[in-house]
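Novice: In full-length UniProt numbering, the protein residues as written are 1 to 611. We put the beta carbon where it would ideally sit given N, CA and C, even for glycine. Computed from a predicted structure; not experimentally measured.
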């Protein structure tokens, strides 16, 4: 049973500009049973604050999906500040490095699965799962990794157990039973290195370091009677609090019970026999021999240890699902009627489209060449249609919505007016010839006013080279692209806002959603180039990065003005006219957005700075 708690925004701000009408229309649409809503909002119009107010009024568990980890971190930080008394959770891939199992036929090369897990992010993922099952006031800000396979919520919940010093209504666990339950839930005993997912025993006490928690739990027993439950600092062992009860969830997000394994083994054996017959019928004797050896080895490990490498590939049998059915994922942990918000939907929804095909293509090779059973195809992310059918109430949010959102909308809401009265940036088109000289002059003029610059390059190499040349001129610059690790990206952006450097050079990561009011100049290299990085939609997103500053300007370097540039200029001018008229009618004087000093993501995650 979830504990019922209301959402409550803590902010001195009130909805302004286009926000009040947007909030009203979205809330009314959801309450009237509309399933597809579109919030088209120009950059800086406060779409996040609008959504926060919608969540507060609807009072529903909410999943917000963003298309990259940098945006997830920014949204999560903003919503934690708005909802300090509610559970605002962070869910992204916990891999610092991940190489999926694969086979490359033309090289006859098998690549073993290899990965490095970030323990702090793994802890936070467990916190998400536990919060969703324990309380109603939960906002989860996630990347699309939230749609990849997980244990069924029933399995995750049923293997958990509650310990209480006042066990009325609870099962009373003895000292030995607690240890057995911890081992069954894949906690490992480690009396030396105390880390998440481990427990240690000291005399009459058991210390548990639960996944999803920053503090450890100490259980004090007198014989078989639980006398005291304490939260302690996992390193100093300082007592933090005393509890009446504690809910212990499993140490892994993929749960397998002894009963599930016993049920799965004969089903795996049956499918193995059928697949071996099929491969041999095609004359693939080498592939059949390989599959038999690999699968029998996995079966032996499952029988003896309850685990094997790549156990998730047998999830169809473990979870007793029908062939072809979708896997359980994080959406199954939400209560009925939850709200889904897709941020920057013009990018995020195409990502969801591509997930399934990429996964199936890789696994088909593994099956054809005898590395996996066909059942591995059913350990997969959902098809786009499955995701949409399972998502009963969705708000798509973008400054430049895509065709799918526009065509499927039942409610359309637009935000053009900014609460600060700021109007869209002025756009200037400059020749690409000798662009660097022009760029440097513009950078010097901008930073002389204590303002900052974004430079948008076309490639990673170009971004790095531009950064190097700018630094050579004694101007502090950094670059940001996909090879920079997740948490480090957020730290670079924080340093930028804090004034540690003046120019940030990037490619695609600087396009959507970043909230940088200190930036008054966005310079786009190769604005007339073909491709999605310089489409009309992409240019509008880039131009929007300067929309939070009263001196906002966009500099487009191009050899000719093509349709993409014309379209972006036309839409920007349309918005500017609406915004200027609104300011005139309401006697509003535009002012730059003032945001609090950014909080370090490392601090929010509880990661020591030296890491």
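In whole angstroms, what separates the C-alpha of residue 534 from that of residue 298?
Specialist: Taking the straight line from one Cα to the other gives about 49 Å.
Novice: Can you grab the Cα-Cα spacing for the pair residue 18 / residue 25, in whole Å?
Specialist: Their backbone Cα atoms lie some 11 Å apart in a straight line.
Novice: Is residue 97 buried or exposed, if buried means 16 or more other CB atoms sit within 10 Å of its CB?
Specialist: The residue is exposed, with fewer than 16 neighbouring Cβ atoms inside 10 Å.
Novice: Ordered along the chain, which non-local residues of its own chain (more than five positions away) have a Cβ less than 6 Å from that of residue 319?
Specialist: Once the five neighbours on either side are set aside, the close Cβ partners of residue 319 are 152.
Novice: Figure out for me which residue from 69, 58, 396, 463 has the closest Cα to the Cα of residue 141.
Specialist: The shortest Cα separation from residue 141 among 69, 58, 396, 463 belongs to 69.
Novice: For my contact list, residue 556 and residue 429 are in at a C-beta cut-off of 8 Å; report their separation, rounded to the angstrom.
Specialist: With a Cβ gap of about 5 Å, residue 556 and residue 429 count as contacting.
Novice: Here's a check: name, in chain order, each residue in its chain whose Cβ is nearer than 8 Å to the Cβ of residue 588, leaving out the five neighbours to either side.
Specialist: Within the same chain, residue 588 has close Cβ partners 421, 582.
Novice: Please work out which residues of its chain come closer than 7 Å, Cβ to Cβ, to residue 45, disregarding the five sequence neighbours upstream and downstream, and give them in chain order.
Specialist: These residues qualify, in order along the chain: 17, 18, 415, 416, 417, 418.
Novice: Enumerate, from N- to C-terminal direction, the unbroken beta strand (DSSP E) stretches of 3 or more residues contained entirely within the region 369 to 411.
Specialist: Listed in chain order, the complete beta strand (DSSP E) runs (minimum 3 residues) inside the region 369 to 411 are 394 to 398.
Novice: Let me confirm a value: residue 293 is counted as buried when at least 16 other C-beta atoms fall within 10 Å, else exposed. Which label applies?
Specialist: Exposed is the call here.
Novice: Do residue 179 and residue 194 count as a contact pair if the criterion is CB distance below 9 Å?
Specialist: For residue 194 and residue 179, no; Cβs fall outside 9 Å.
Novice: Out of 119, 52, 109, which has the shortest C-alpha to C-alpha gap to residue 139?
Specialist: Answer by Cα proximity: 52.
Novice: Which one or two residues does DSSP pair with residue 435 in a beta bridge?
Specialist: DSSP output for residue 435 lists no bridge partner at all.
Novice: Would you identify the three-state DSSP class for residue 529, choosing helix, strand or coil?
Specialist: Coil, per DSSP.
Novice: Which complete alpha helix (DSSP H) runs does the region 545 to 606 hold, if anything under 4 residues is left out?
Specialist: DSSP runs (the alpha helix (DSSP H)) wholly in the region 545 to 606: 563 to 585, 601 to 605.
Novice: Less than 6 Å between C-beta atoms, sequence neighbours within five positions excluded: which residues of the same chain meet that for residue 230?
Specialist: Correct list, in chain order: 218, 239, 242.
Novice: Residues in its own chain within less than 8 Å of residue 57 by CB, not counting five upstream and five downstream?
Specialist: So the list reads 23, 27, once near-sequence residues are dropped.
Novice: Going by the beta-carbon positions, is the gap between residue 362 and residue 100 smaller than 9 Å?
Specialist: Taking 9 Å as the Cβ cut-off, residue 362 and residue 100 qualify as a contacting pair.
Novice: Would you mind giving the Cβ-Cβ distance between residue 188 and residue 244, rounded to the nearest angstrom? I have them listed as a contact below 8 Å.
Specialist: No, residue 188 and residue 244 are not in contact; Cβ-Cβ is about 27 Å, not under 8 Å.
Novice: From 132, 287, 345, pick the residue whose C-alpha is nearest to that of residue 36; which is it?
Specialist: For residue 36, the nearest C-alpha among the options comes from 345.
Novice: Where in the region 56 to 142 do unbroken runs of the beta strand (DSSP E), each at least 3 residues long, occur, reported from the N-terminal end onward?
Specialist: DSSP runs (the beta strand (DSSP E)) wholly in the region 56 to 142: 62 to 65, 87 to 91, 95 to 99, 102 to 104, 109 to 111, 114 to 117, 138 to 142.
Novice: How long is the line joining the alpha carbons of residue 107 and residue 478, rounded to whole angstroms?
Specialist: Rounded to whole angstroms, residue 107 to residue 478 spans 39 Å at the Cα level.
Novice: Could you tell me whether the Cβ atoms of residue 206 and residue 175 are closer together than 9 Å?
Specialist: Yes, the pair counts as a contact, with Cβ atoms nearer than the cut-off.
Novice: With distances taken from CA atoms, which of 548, 554, 514 is nearest residue 525?
Specialist: Ranking 548, 554, 514 by Cα distance to residue 525 puts 554 first.
Novice: So, with DSSP's three-state summary, where would you put residue 174?
Specialist: Correct three-state label for residue 174: coil.
Novice: How big is the Cα-Cα spacing for residue 561 and residue 342?
Specialist: Roughly 32 Å between the two C-alpha positions.
Novice: By how many angstroms is the C-alpha of residue 494 removed from the C-alpha of residue 126?
Specialist: Those two C-alpha atoms are separated by around 26 Å.
Novice: Taking the C-alpha atoms as reference points, what is the distance between residue 224 and residue 209?
Specialist: The straight-line gap from Cα to Cα measures roughly 21 Å.
Novice: Output the boundary residues of the alpha helix (DSSP H) element that contains residue 250.
Specialist: First-last for residue 250: undefined, no H or E at that position.
Novice: By the 10 Å Cβ neighbour count, where 16 or more other Cβ atoms means buried, how is residue 4 classified, buried or exposed?
Specialist: Classification of residue 4: exposed, given that the 10 Å Cβ count is below 16.
Novice: Please work out which residues of its chain come closer than 6 Å, Cβ to Cβ, to residue 76, disregarding the five sequence neighbours upstream and downstream, and give them in chain order.
Specialist: These residues qualify, in order along the chain: 90, 141.
Novice: Could you check where the beta strand (DSSP E) with residue 241 kicks off and where it finishes?
Specialist: Residues 239 to 243.
Novice: Could you pull out every residue in the same chain whose Cβ sits closer than 7 Å to the Cβ of residue 251, ignoring the five residues on either side in sequence?
Specialist: Result list for residue 251: 185, 186, 187, 197, 211, in chain order.
Novice: Mind checking who residue 615 pairs with in its DSSP beta bridge?
Specialist: Residue 615 lies beyond the stretch modelled for the chain, which goes from 1 to 611, so this question has no answer here.
Novice: Buried or exposed for residue 490, please, with buried defined as at least 16 other CB atoms from any protein chain shown within 10 angstroms of its CB.
Specialist: Buried is the call here.
Novice: Which term fits residue 571, buried or exposed, when burial requires 16 or more other beta carbons within 10 angstroms of its beta carbon?
Specialist: Buried, since its Cβ has 16 or more Cβ neighbours within 10 Å.
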